[in-house]
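Note that the working numbering has the sequence shown beginning at 8, numbered continuously upward. One structure below.
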Amino acid sequence: MPIQAEGSPRKLADPFDFGGGHINPDKAADPGLVYDVDAGEYTKFFNCTLGPKDDGCESYTGKLYQLNLPSIAVPDLKDSVTVSRTVTNVGPADAAYRAEVEAPAGVDVSVEPSVIRFGGGGDRKATFRVTFTARQRVQGGYTFGSLTWLDGGNHSVRIPVAVRTVIQDFIADSS
């Protein structure tokens, strides 16, 4: 039987209900890549979206999907949205990771660059961009996918992706 989500009304569980994966303690000790989240990003997000606007908010998009989280959720995809993430290599100094995408239904996903490389004496951080483009113009619910960085060896760094396509913004939306 498929997993059912708790609540009323009952529904089939989706990644919002059961999470992004299982914990593997051996692999957690050697993750390869990590998504560092700076506390300053959260402070700026909350100050620019919830509090009085200061001088630093003009250039800030105020979108939660721009925070450097180890997941991507785009709740308002009309045409195309690009998000950035930065990973830090905590594995071998010389490493290359290739992006593998499982696109959400009805959405095209591209990753630039599709391969990130780390050199022995170089920077241990790399920034990449993920562009989501709606293939279907529907007011829909969330669809799910993933982005995985593979080094061809021991490391597989997967983050979940959730995208909700919209045609227009509604003041009250139950989705």
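The beta carbon of each residue, even a glycine, is placed where N, CA and C say it ideally should be. Computed from a predicted structure; not experimentally measured.
Could you say if the region 152-170 and the region 103-115 meet the contact criterion of at least three C-beta pairs nearer than 8 Å? yes
Straight-line CA distance for G147 to V173? 6 Å
Determine whether the Cβ of F25 lies closer than 8 Å to any Cβ atom of chain D. In summary, chain D is missing from the structure at hand, where a single protein chain is found.
Per the contact definition of three or more C-beta pairs closer than 8 Å, is the region 100-107 in contact with the region 69-83? no
Supposed contact pair V81 and R136 - C-beta distance, whole angstroms, cut 8 Å: Actually they do not touch by this definition, with Cβ atoms about 13 Å apart.
Checking 8 Å against the spacing of the C-beta atoms, do L19 and W156 come in under that value? no
Using the three-state DSSP reduction, which class does D33 fall into: helix, strand or coil? helix
What does the alpha-carbon distance come out to for the pair I178 and Y49? Legend: pLDDT at I178 = 49, less than 50; position of this residue unreliable, value from coordinates given subsequently. Whole-angstrom Cα-Cα distance: 26 Å.
Locate the alpha helix (DSSP H) running through P22, then write down its first and last residues. 22-25
For G129, which residues from the same chain have a beta carbon less than 8 Å from its beta carbon, with the 5 sequence-adjacent residues on both sides left out? none
Is K18 helix, strand or coil by DSSP? strand
Between R17 and H29, what straight-line distance do the alpha-carbon atoms span, to the nearest angstrom? 24 Å
Just the C-alpha distance for F125 and S78, rounded to the nearest angstrom, thanks. 22 Å
Inspect the beta-carbon positions of V94 and A133 and report whether they are closer than 8 Å. yes
Could you tell me which residues DSSP puts in a beta bridge with Y104? I123
Could you tell me if G98 is buried or exposed, where buried requires 16 or more neighbouring beta carbons within 10 angstroms of its beta carbon? buried
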